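Asks: Read left to right, the sequence shown gives residues 147 to 260 (the working numbering).
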Amino acid sequence: QVQLVESGGGLVQAGGSLRLSCTASGARFVSPMGWYRQAPGKQRELVAAVSAGDITNYADSVKGRFTISRDNAKNAVYLQMNTLKPEDTAVYYCNLNSWGAIYWGKGTLVTVSS
């Protein structure tokens, strides 16, 4: 059973930075992973994703500000978030796709104050 654990959320002022981490246990193969977020009253949306071959894609709203990376030796994926805005406030979820089986972490809250 794959389990994902996120960390690194918190409260930061607008313009600041945070780095989220997600560690996967129980994953037998290198799999596509990503970060999603859900703000209050809104649907969960893709923030950034990285394929097993390190191809990345980003939501337009975070391009140039966020960077996703992975460390396959540690079964980890990271999200470096710079120049944060109040509209980035959300619960951020880690996601892993293992041969069509989708796994989610419990989420970590990011709050950006103006």
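Every residue gets a Cβ at the ideal spot worked out from N, C-alpha and C, and that includes glycine. Bear in mind the structure is a predicted one, so any value in this text is a computation, not a measurement.
I think Ala-194 touches Ala-185, with their Cβ atoms under 8 Å apart; what is that distance to the nearest whole Å?
Replies: Incorrect: roughly 16 Å between the Cβ atoms, too far for contact.
Asks: If we count the other Cβ atoms within 10 Å of its Cβ and call it buried at 16 or more, is Asp-200 buried or exposed?
Replies: exposed
Asks: Out of curiosity, what's the CA-to-CA distance linking Ala-170 and Ser-260?
Replies: 33 Å
Asks: Based on the DSSP output, what are the partners of Trp-181 in its beta bridges?
Replies: Its beta-bridge partners are Ala-194, Cys-240.
Asks: So what's Asp-206 in DSSP terms, helix, strand or just coil?
Replies: coil
Asks: Cβ of Ser-167 within 8 Å of Cβ of Ser-153?
Replies: yes
Asks: Looking at C-alpha atoms only, which residue of Phe-175, Leu-150, Pro-232, Gln-147 is the closest neighbour of Gly-162?
Replies: It is Pro-232.
Asks: Pull up the distance between the alpha-carbon of Gly-155 and that of Ala-222, whole angstroms please.
Replies: 16 Å
Asks: Once you ignore the five residues that flank Gln-159 on each side, which residues in its own chain have a CB closer than 6 Å to its CB?
Replies: Ser-259, listed in sequence order.
Asks: Give every residue of the same chain whose Cβ lies closer than 6 Å to the Cβ of Gly-253, excluding the five residues on either side of it in the sequence, and list them in chain order.
Replies: Val-237, Tyr-239
Asks: Determine the closest residue to Gly-172 out of Thr-235, Asn-228, Leu-230, Lys-220, with distance taken between C-alpha atoms.
Replies: Lys-220
Asks: Does the Cβ of Thr-235 have 16 or more other Cβ atoms within 10 Å, making it buried, or fewer, making it exposed?
Replies: buried
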